[in-house]
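Data first, discussion second: the structure below is written as structure tokens.
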Amino acid sequence: MNDLYPWLLPVWKRWQSMLATDAIPHAILFSAASGTGIEKVVSKLVSAIVCKNSDDDACGFCHSCELSLGGHHPDIHWVLPEKEGKRISVDQVREANRSALESSQLGGKRVIIINPAEAMNESASNALLKTLETPPEKCVFILLTQDKHKLLPTIISRCQSWQLPLVEQSVLMNWLDSHASIQNKQPIDWFCLKMYAQSPVTALHFIEQNKHVEWGKLLGLTLNSFKTKLIPFTELQGFFKSEPYEKLLWLMYLFSDIQKAHFGVLEHPAPFIFNELVELIPYQTAYSHYHRLQKLHLSLTTSSGLNAELLILDWYIGLVEDA
Numbered sequence: 075m076n077d078l079y080p081w082l083l084p085v086w087k088r089w090q091s092m093l094a095t096d097a098i099p100h101a102i103l104f105s106a107a108s109g110t111g112i113e114k115v116v117s118k119l120v121s122a123i124v125c126k127n128s129d130d131d132a133c134g135f136c137h138s139c140e141l142s143l144g145g146h147h148p149d150i151h152w153v154l155p156e157k158e159g160k161r162i163s164v165d166q167v168r169e170a171n172r173s174a175l176e177s178s179q180l181g182g183k184r185v186i187i188i189n190p191a192e193a194m195n196e197s198a199s200n201a202l203l204k205t206l207e208t209p210p211e212k213c214v215f216i217l218l219t220q221d222k223h224k225l226l227p228t229i230i231s232r233c234q235s236w237q238l239p240l241v242e243q244s245v246l247m248n249w250l251d252s253h254a255s256i257q258n259k260q261p262i263d264w265f266c267l268k269m270y271a272q273s274p275v276t277a278l279h280f281i282e283q284n285k286h287v288e289w290g291k292l293l294g295l296t297l298n299s300f301k302t303k304l305i306p307f308t309e310l311q312g313f314f315k316s317e318p319y320e321k322l323l324w325l326m327y328l329f330s331d332i333q334k335a336h337f338g339v340l341e342h343p344a345p346f347i348f349n350e351l352v353e354l355i356p357y358q359t360a361y362s363h364y365h366r367l368q369k370l371h372l373s374l375t376t377s378s379g380l381n382a383e384l385l386i387l388d389w390y391i392g393l394v395e396d397a
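Taking my numbering, I'd label the letters of the sequence shown as residues 75 to 397.
The following block contains the structure:
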């Protein structure tokens, strides 16, 4: 189990008990945030399902395990968007359904993994639903999702639902501290890291890539804009040109915390620069612009061809004008 992240171990132990009693259901829906590494524990489960020699874990030595480790097992089928951010098409699901109905090529079970399940378009969802209504024998469907509320209720009802437990702060910090890649770096304030409290792998990348420097720059730019009532267009364009989607999420966290601070319910100590922002940004301004950010995020994640950099900059201009 040492190849699993610590926050995945409780789920794996429960799945091992089900494997040992041959109680794995025909369809599993597993909900977890991005950056949790859930693919690791799902791959471990899948390998155990198709293994020839072990009940509750893959042996790692049989022909089936060799194929699983190499990513070439003929009875394991991953259904993924053809391009990042794209939908899963009905043709992809129909192909998976055909694989589910065929006989196992190695004489065991077949496993179909759909990730992320919410990427299925309406036709794809309906095609999957027909198969789940009459599940094929010796076939297990595993649906991974970051937001199961985007799935058809009828699909959810036909799956055994699992939710990854919340990652405790101590578990995350101990895991981060164990990484040699960040042991020589300056400690990162929890106020900053808590944005990724439920996405530990992303938190690690955040530290390794020194993104906390960019986070600090965002706070500084925003504070200076409110103090001077001036908009540093050149700096802002350069700032949001790189990874605008992630920085949009930073803004959402920031304005959510500003609202909490106004109500006195901020859970952890905040840096001085944040407290200055709270003094300058009224609650109503933080509230209205937070909801504008939510709408902007929805538009950018559901529509193609939009210029994220320009749209965020337009939001920022509106924020300073309202100050």
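We put the beta carbon where it would ideally sit given N, CA and C, even for glycine.
Item	Value
Please return the same chain residues whose Cβ sits closer than 7 Å to the Cβ of PRO80, not counting the five positions on each side in sequence.	VAL245 and TRP249
So for SER108, helix, strand or coil by DSSP?	coil
Measure how close the beta-carbons of ALA42 and GLN220 come, nearest whole angstrom, since I'm counting them as under 8 Å.	This structure leaves residue 42 out entirely; the chain is present only between 75 and 397.
Would you call ARG184 buried or exposed, if buried means 16 or more other Cβ atoms sit within 10 Å of its Cβ?	buried
Is it the case that the Cβ atoms of VAL120 and SER138 are separated by a distance below 8 Å?	no
Rounded to a whole number of angstroms, what is the C-alpha to C-alpha distance between TYR390 and PHE346?	22 Å
With a cut-off of 8 Å on the beta carbons, I'd call PRO227 and GLY109 a contact; round off their distance for me.	About 27 Å separates the two Cβ atoms, so there is no contact after all.
Looking at the unbroken alpha helix (DSSP H) that takes in VAL241, where does it start and where does it end?	Element bounds for VAL241: n/a, residue is neither H nor E.
Going by other Cβ atoms of all chains shown within 10 Å of its Cβ, with 16 needed for buried, is PRO175 buried or exposed?	Note that residue 175 corresponds to Leu in the displayed sequence, not to Pro. LEU175 is exposed by the Cβ-count criterion.
If you follow the alpha helix (DSSP H) that VAL164 is in, where does it begin and where does it stop?	164-175
If you check the beta carbons only, do MET326 and TYR364 fall under 8 Å apart?	yes
Short of 7 Å in beta carbon distance, which residues of its chain neighbour MET75, apart from the five on each side in sequence? Order them along the chain.	Low confidence applies here, because MET75 scores a pLDDT of 48, under 50, leaving its location unreliable; read the following figure in that light. Taken in chain order, the residues that qualify are LEU83 and TRP86.
Could you check how far apart the C-beta atoms of ILE112 and VAL214 are, in whole angstroms? I think they sit under 8 Å.	Not really, about 16 Å apart at Cβ, beyond 8 Å.
Closest by CA to GLU156, which one among GLN166, PRO148, HIS147 and ILE150?	GLN166
Grab me the residues of LEU154's own chain with a C-beta within less than 7 Å of its C-beta, minus the 5 sequence neighbours each way, in chain order.	ASN189
Could you give the first and the last residue of the continuous beta strand (DSSP E) run that contains ILE187?	184-188
Using a Cβ-Cβ cutoff of less than 6 Å, which residues in the same chain neighbour GLN272 once the five nearest sequence positions on both sides are dropped?	ALA107 and VAL241
What's the gap between the Cα of LEU328 and the Cα of TRP289?	10 Å
Could you spell out the range, first to last residue, of the alpha helix (DSSP H) harbouring HIS147?	Segment: none, HIS147 is in no alpha helix (DSSP H) and carries neither H nor E.
Looking at the strands, I want to know which residues DSSP matches up with GLN234.	ILE102
What residue range is occupied by the uninterrupted alpha helix (DSSP H) comprising CYS266?	264-267
For GLU192, I'd like the list of residues in its chain whose CB is within less than 8 Å of its CB, leaving aside the five on either flank, ordered along the chain.	THR219, GLN220, ASP221, LYS222, LYS224 and LEU225
Can you tell me whether LEU68 is helix, strand or coil according to DSSP?	The structure shown does not extend to residue 68, since the chain is modelled only from 75 through 397, so no value can be given for it.
What number of angstroms, rounded off, separates the C-alpha of PHE265 from the C-alpha of VAL352?	15 Å
Taking only three categories from DSSP, how would you classify LEU218?	strand
Since GLU383 contacts PHE314 with CB under 8 Å, what's their CB separation in whole angstroms?	5 Å
Determine the DSSP secondary structure at MET75, reduced to helix, strand or coil.	Low confidence applies here, because MET75 scores a pLDDT of 48, under 50, leaving its location unreliable; read the following figure in that light. Three-state DSSP puts MET75 in coil, outside helix and strand.
For CYS139, which three-state DSSP category applies?	helix
Whose CA, out of ILE230, LYS291 and TYR361, lies closest to the CA of PHE104?	ILE230
Please classify VAL287 as buried or exposed, where buried requires at least 16 neighbouring CB atoms within 10 angstroms.	exposed
Whole angstroms are fine: how far does the CA of ASP251 sit from the CA of GLN412?	With the chain covering only 75 through 397, there is no way to say anything about residue 412.
Name the two residues that bound the continuous alpha helix (DSSP H) containing ARG88.	83-94
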